[in-house]
Amino acid sequence: GADEDFTSRIQERFSRPWFRVYTNDDLLGVELAGATKNIIAIAAGILDGLAMGDNAKAALLTRGLAEISRLGMELGARAETFAGLAGVGDLVTTCISPMGRNRSFGQAVGEGKTVAEAGEAAGETGAVVEGVATTASVVALARQIGVEMPITQAVHDVLFSGIKPAEAIKSLMSRPLKREA
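If you want it as C-alpha coordinates, here you go:
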(Lines of atoms letter the chains of each structure in order from A and count residues from 1; the text may use other names and numbers.)
(Lines give C-alpha, C1' and ligand atoms only; values in the text may rest on other atoms or scores of the structure.)
Protein backbone atom coordinates (compact mmCIF):
# COMPACT_ATOMS: atom_id res chain seq x y z
CA GLY A 1 0.00 0.00 0.00
CA ALA A 2 0.91 3.67 -0.28
CA ASP A 3 1.09 4.30 3.49
CA GLU A 4 4.50 2.78 4.20
CA ASP A 5 4.24 3.01 7.98
CA PHE A 6 0.86 1.26 8.01
CA THR A 7 1.93 -1.49 5.59
CA SER A 8 5.09 -2.10 7.63
CA ARG A 9 3.00 -2.56 10.77
CA ILE A 10 0.68 -4.99 8.98
CA GLN A 11 3.66 -6.85 7.54
CA GLU A 12 5.19 -7.26 11.00
CA ARG A 13 1.86 -8.24 12.58
CA PHE A 14 1.09 -11.04 10.10
CA SER A 15 4.58 -12.40 9.38
CA ARG A 16 5.44 -15.68 11.08
CA PRO A 17 8.29 -18.19 10.73
CA TRP A 18 6.04 -20.17 8.35
CA PHE A 19 4.34 -17.20 6.64
CA ARG A 20 6.32 -14.33 5.14
CA VAL A 21 4.47 -11.14 4.18
CA TYR A 22 5.75 -8.78 1.50
CA THR A 23 4.44 -5.29 0.82
CA ASN A 24 3.82 -3.69 -2.56
CA ASP A 25 2.87 -0.07 -3.23
CA ASP A 26 1.67 -0.81 -6.78
CA LEU A 27 -2.00 -1.00 -5.84
CA LEU A 28 -3.16 -0.92 -9.47
CA GLY A 29 -0.85 -3.80 -10.41
CA VAL A 30 -1.86 -5.91 -7.41
CA GLU A 31 -5.56 -5.37 -8.15
CA LEU A 32 -5.22 -6.08 -11.88
CA ALA A 33 -3.11 -9.18 -11.31
CA GLY A 34 -5.60 -10.46 -8.74
CA ALA A 35 -8.53 -10.00 -11.09
CA THR A 36 -7.05 -11.05 -14.43
CA LYS A 37 -5.45 -14.24 -13.13
CA ASN A 38 -8.97 -15.65 -12.82
CA ILE A 39 -9.42 -15.47 -16.59
CA ILE A 40 -6.23 -17.45 -17.13
CA ALA A 41 -7.39 -19.92 -14.46
CA ILE A 42 -10.59 -20.56 -16.43
CA ALA A 43 -8.41 -21.26 -19.48
CA ALA A 44 -6.19 -23.57 -17.41
CA GLY A 45 -9.25 -25.48 -16.26
CA ILE A 46 -10.44 -25.82 -19.85
CA LEU A 47 -7.07 -27.35 -20.73
CA ASP A 48 -7.43 -29.74 -17.79
CA GLY A 49 -10.92 -30.69 -18.93
CA LEU A 50 -9.60 -31.42 -22.40
CA ALA A 51 -6.63 -33.39 -20.92
CA MET A 52 -4.16 -31.19 -22.82
CA GLY A 53 -1.30 -31.88 -20.39
CA ASP A 54 1.27 -30.00 -18.36
CA ASN A 55 3.22 -28.52 -21.28
CA ALA A 56 0.08 -26.89 -22.65
CA LYS A 57 -0.70 -25.50 -19.21
CA ALA A 58 2.85 -24.18 -18.78
CA ALA A 59 2.60 -22.41 -22.14
CA LEU A 60 -0.80 -21.00 -21.15
CA LEU A 61 0.49 -19.64 -17.85
CA THR A 62 3.53 -18.10 -19.51
CA ARG A 63 1.62 -16.45 -22.34
CA GLY A 64 -1.27 -15.57 -20.03
CA LEU A 65 1.12 -13.78 -17.69
CA ALA A 66 2.54 -11.91 -20.68
CA GLU A 67 -0.86 -10.63 -21.75
CA ILE A 68 -2.12 -9.64 -18.30
CA SER A 69 1.22 -7.87 -17.73
CA ARG A 70 0.79 -5.98 -21.04
CA LEU A 71 -2.61 -4.78 -19.90
CA GLY A 72 -1.27 -3.74 -16.52
CA MET A 73 1.69 -1.83 -17.91
CA GLU A 74 -0.50 -0.03 -20.42
CA LEU A 75 -2.66 1.12 -17.51
CA GLY A 76 0.33 2.27 -15.45
CA ALA A 77 1.09 -0.77 -13.29
CA ARG A 78 4.66 -2.00 -12.82
CA ALA A 79 5.97 -5.09 -14.60
CA GLU A 80 7.69 -6.36 -11.44
CA THR A 81 4.32 -6.61 -9.70
CA PHE A 82 3.22 -9.17 -12.28
CA ALA A 83 6.52 -11.04 -11.88
CA GLY A 84 6.08 -11.20 -8.09
CA LEU A 85 3.77 -12.91 -5.64
CA ALA A 86 0.73 -10.80 -6.58
CA GLY A 87 1.21 -11.81 -10.21
CA VAL A 88 2.94 -15.07 -11.03
CA GLY A 89 2.64 -16.39 -7.47
CA ASP A 90 -1.14 -16.03 -7.36
CA LEU A 91 -1.49 -17.04 -11.02
CA VAL A 92 0.30 -20.36 -10.55
CA THR A 93 -1.67 -21.27 -7.44
CA THR A 94 -4.99 -20.34 -9.01
CA CYS A 95 -4.26 -22.27 -12.20
CA ILE A 96 -3.03 -25.51 -10.62
CA SER A 97 -5.04 -25.90 -7.42
CA PRO A 98 -7.86 -28.43 -7.72
CA MET A 99 -9.73 -26.27 -5.18
CA GLY A 100 -9.70 -23.14 -7.36
CA ARG A 101 -13.21 -22.03 -8.34
CA ASN A 102 -12.24 -20.51 -11.68
CA ARG A 103 -10.01 -23.43 -12.68
CA SER A 104 -12.71 -25.94 -11.64
CA PHE A 105 -15.33 -24.02 -13.61
CA GLY A 106 -13.07 -24.06 -16.68
CA GLN A 107 -12.43 -27.77 -16.24
CA ALA A 108 -16.18 -28.45 -16.27
CA VAL A 109 -16.48 -26.43 -19.50
CA GLY A 110 -13.52 -28.31 -20.98
CA GLU A 111 -15.16 -31.63 -20.07
CA GLY A 112 -18.21 -30.67 -22.11
CA LYS A 113 -20.57 -28.96 -19.69
CA THR A 114 -22.22 -25.82 -20.95
CA VAL A 115 -21.22 -22.54 -19.36
CA ALA A 116 -24.60 -22.48 -17.61
CA GLU A 117 -24.18 -26.04 -16.28
CA ALA A 118 -20.66 -25.31 -15.05
CA GLY A 119 -21.90 -22.14 -13.37
CA GLU A 120 -24.78 -23.98 -11.70
CA ALA A 121 -22.41 -26.67 -10.41
CA ALA A 122 -20.14 -23.99 -8.93
CA GLY A 123 -23.12 -22.19 -7.42
CA GLU A 124 -24.31 -25.37 -5.68
CA THR A 125 -21.16 -25.31 -3.58
CA GLY A 126 -21.57 -21.60 -2.84
CA ALA A 127 -18.62 -20.73 -5.05
CA VAL A 128 -18.46 -17.49 -6.98
CA VAL A 129 -16.60 -17.72 -10.29
CA GLU A 130 -15.28 -14.16 -10.52
CA GLY A 131 -13.44 -14.82 -13.75
CA VAL A 132 -16.60 -14.95 -15.86
CA ALA A 133 -17.62 -11.32 -15.28
CA THR A 134 -13.97 -10.26 -15.24
CA THR A 135 -13.48 -11.73 -18.71
CA ALA A 136 -16.20 -9.52 -20.19
CA SER A 137 -14.85 -6.41 -18.46
CA VAL A 138 -11.24 -7.06 -19.44
CA VAL A 139 -12.07 -7.74 -23.10
CA ALA A 140 -13.95 -4.42 -23.26
CA LEU A 141 -11.11 -2.57 -21.51
CA ALA A 142 -8.42 -4.15 -23.71
CA ARG A 143 -10.31 -3.14 -26.85
CA GLN A 144 -10.76 0.39 -25.54
CA ILE A 145 -7.05 0.92 -24.86
CA GLY A 146 -5.72 -1.19 -27.75
CA VAL A 147 -4.06 -4.05 -25.85
CA GLU A 148 -3.97 -7.41 -27.58
CA MET A 149 -5.16 -10.21 -25.27
CA PRO A 150 -5.72 -13.32 -27.39
CA ILE A 151 -6.11 -15.80 -24.53
CA THR A 152 -8.60 -13.57 -22.75
CA GLN A 153 -10.47 -13.12 -26.03
CA ALA A 154 -10.55 -16.90 -26.56
CA VAL A 155 -11.98 -17.42 -23.06
CA HIS A 156 -14.55 -14.71 -23.82
CA ASP A 157 -15.49 -16.47 -27.06
CA VAL A 158 -16.11 -19.72 -25.16
CA LEU A 159 -18.05 -18.09 -22.33
CA PHE A 160 -20.15 -15.59 -24.25
CA SER A 161 -20.20 -16.55 -27.94
CA GLY A 162 -20.79 -20.29 -27.75
CA ILE A 163 -17.44 -21.20 -29.31
CA LYS A 164 -16.37 -24.74 -28.37
CA PRO A 165 -13.17 -24.88 -26.30
CA ALA A 166 -11.36 -26.96 -28.95
CA GLU A 167 -12.27 -24.38 -31.60
CA ALA A 168 -11.00 -21.53 -29.43
CA ILE A 169 -7.70 -23.38 -28.94
CA LYS A 170 -7.45 -24.06 -32.68
CA SER A 171 -8.01 -20.36 -33.35
CA LEU A 172 -5.32 -19.37 -30.83
CA MET A 173 -2.84 -21.86 -32.27
CA SER A 174 -3.43 -20.69 -35.84
CA ARG A 175 -2.55 -17.06 -35.09
CA PRO A 176 0.40 -15.72 -37.10
CA LEU A 177 3.74 -16.83 -35.71
CA LYS A 178 5.95 -14.22 -34.05
CA ARG A 179 8.87 -13.79 -31.66
CA GLU A 180 8.17 -14.23 -27.97
CA ALA A 181 9.85 -11.01 -26.88
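Numbering (our numbering), first residue to last: 58 to 238. Using N, Cα and C, we set each Cβ at its ideal position, and we do this for glycine too.
Option nearest residue i by Cα separation, candidates the options
| i | options | result |
| --- | --- | --- |
| ALA90 | ALA179, GLU205 and ASP147 | ASP147 |
| PRO222 | GLU181, ALA197 and GLY169 | GLY169 |
| LYS94 | ASP83, GLY129 and SER72 | GLY129 |
| PHE179 | ASP82, ALA165 and ALA190 | The amino acid occupying residue 179 in the given sequence is Ala; Phe does not appear at that position. Ranking the options by Cα distance to ALA179, first place goes to ALA165. |
| PRO155 | ALA197, GLY102 and THR138 | GLY102 |
| GLY141 | ASP60, ALA211 and THR80 | THR80 |
| SER161 | GLU61, ILE96 and ALA92 | ILE96 |
Beta-carbon spacing of residue i, residue j below 7 Å
| i | j | result |
| --- | --- | --- |
| GLY157 | ALA98 | yes |
| LEU118 | CYS152 | yes |
| GLU124 | MET230 | no |
| ALA134 | GLY86 | yes |
| ALA113 | LEU104 | yes |
| ASP83 | THR138 | yes |
Buried or exposed by the 16-neighbour rule on C-beta atoms within 10 Å, applied to residue i
| i | result |
| --- | --- |
| VAL78 | exposed |
| SER126 | buried |
| ALA199 | buried |
Bridge-paired residues (DSSP) for residue i
| i | result |
| --- | --- |
| ARG73 | PHE76 |
Which runs of the alpha helix (DSSP H) spanning at least 4 residues fall entirely within the segment 100 to 145, listed in chain order? Fully enclosed alpha helix (DSSP H) runs of 4 or longer: 111 to 131 and 136 to 140.
Pick out the complete alpha helix (DSSP H) segments inside the segment 177 to 220, 4 residues or longer, and give them in chain order. 187 to 202 and 207 to 217
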